[in-house]
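J.:
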Amino acid sequence: MDIAEALIVNPERNNYPEVKKIYKNYIKEVLEELETTIKFITGKFNLTIENIFLVGGGANIPNISEIFSEFLKINTQIIDLKKLVKFSNNFDPDYTKIVNTQGAIAVATAVRDFI
1 MDIAEALIVN
11 PERNNYPEVK
21 KIYKNYIKEV
31 LEELETTIKF
41 ITGKFNLTIE
51 NIFLVGGGAN
61 IPNISEIFSE
71 FLKINTQIID
81 LKKLVKFSNN
91 FDPDYTKIVN
101 TQGAIAVATA
111 VRDFI
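For the sequence shown, position 78 (counting from the first letter as 1) is numbered 78 according to UniProt numbering, and the numbering increases by one without interruption.
1. Do you know offhand how far Asn46's Cα is from Leu31's?
2. Which ranges would you report for the alpha helix (DSSP H) in the region 77-109 if only whole runs of at least 4 residues count?
3. Taking only the alpha-carbon atoms, compute the straight-line gap between Val111 and Ala104 and give it to the nearest angstrom.
4. Give me the Cβ distance between Leu54 and Ser65, rounded to the nearest whole Å; I'm assuming they're in contact under 8 Å.
5. Here's the rule: buried if 16 or more other CB atoms are within 10 angstroms of the residue's CB, otherwise exposed. What is Leu81?
6. The beta strand (DSSP E) spanning Phe68 covers which residue range?
7. Quick one: Cα of Ser88 to Cα of Gln77, how far?
8. Which two residues bound the contiguous beta strand (DSSP E) that contains Leu54?
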């Protein structure tokens, strides 16, 4: 998992094939569970899910939104926190890149009672 965590922080590393093997089964299980949950919720409550928004460190996995979209047949996007919150230019660009997805969890938690 150390390689996987390193790739999340720095996805340009050349270890992608190794990490892909590590995550492949895990992501498949997550998608199958999510698909089951979506079918249950949409059927029971007669809802339609139009979008899925990914946040957190896992959102940095290369092509993750495309994988979700293709499997679930639902538009999937990675939250771009920089479009929603103004960042000071004093922040290190690498730090801003990490906070862009991981910080969205904090923002979502802060506003969840207002949605």
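For glycine and all other residues, C-beta sits at the position ideal for the given N, C-alpha and C.
T.: In terms of the structure at hand:
1. The residue labelled residue 46 in the question sits at position 46 within the sequence shown. The residue labelled residue 31 in the question sits at position 31 within the sequence shown. Roughly 21 Å between the two C-alpha positions.
2. 81-84
3. If you number the sequence shown from 1, residue 111 lands on position 111. If you number the sequence shown from 1, residue 104 lands on position 104. The alpha-carbon atoms of Val111 and Ala104 are separated by roughly 11 Å.
4. Here residue 54 refers to the residue found at position 54 when the sequence shown is read from its first residue. Here residue 65 refers to the residue found at position 65 when the sequence shown is read from its first residue. By a beta-carbon distance limit of 8 Å, Leu54 contacts Ser65. Their separation comes to about 6 Å.
5. Locating residue 81 in the sequence shown gives position 81, where the first residue counts as 1. Label assigned to Leu81: buried.
6. Taking the sequence shown and counting its residues from 1, one reaches residue 68 at position 68. Unbroken run through Phe68 is the alpha helix (DSSP H), 64-72; no beta strand (DSSP E).
7. Stepping through the sequence shown from its first residue, residue 88 is reached at position 88. Stepping through the sequence shown from its first residue, residue 77 is reached at position 77. Their backbone Cα atoms lie some 24 Å apart in a straight line.
8. Locating residue 54 in the sequence shown gives position 54, counting from the first residue. Looking at the DSSP string, the run of the beta strand (DSSP E) that includes Leu54 is 51-54.
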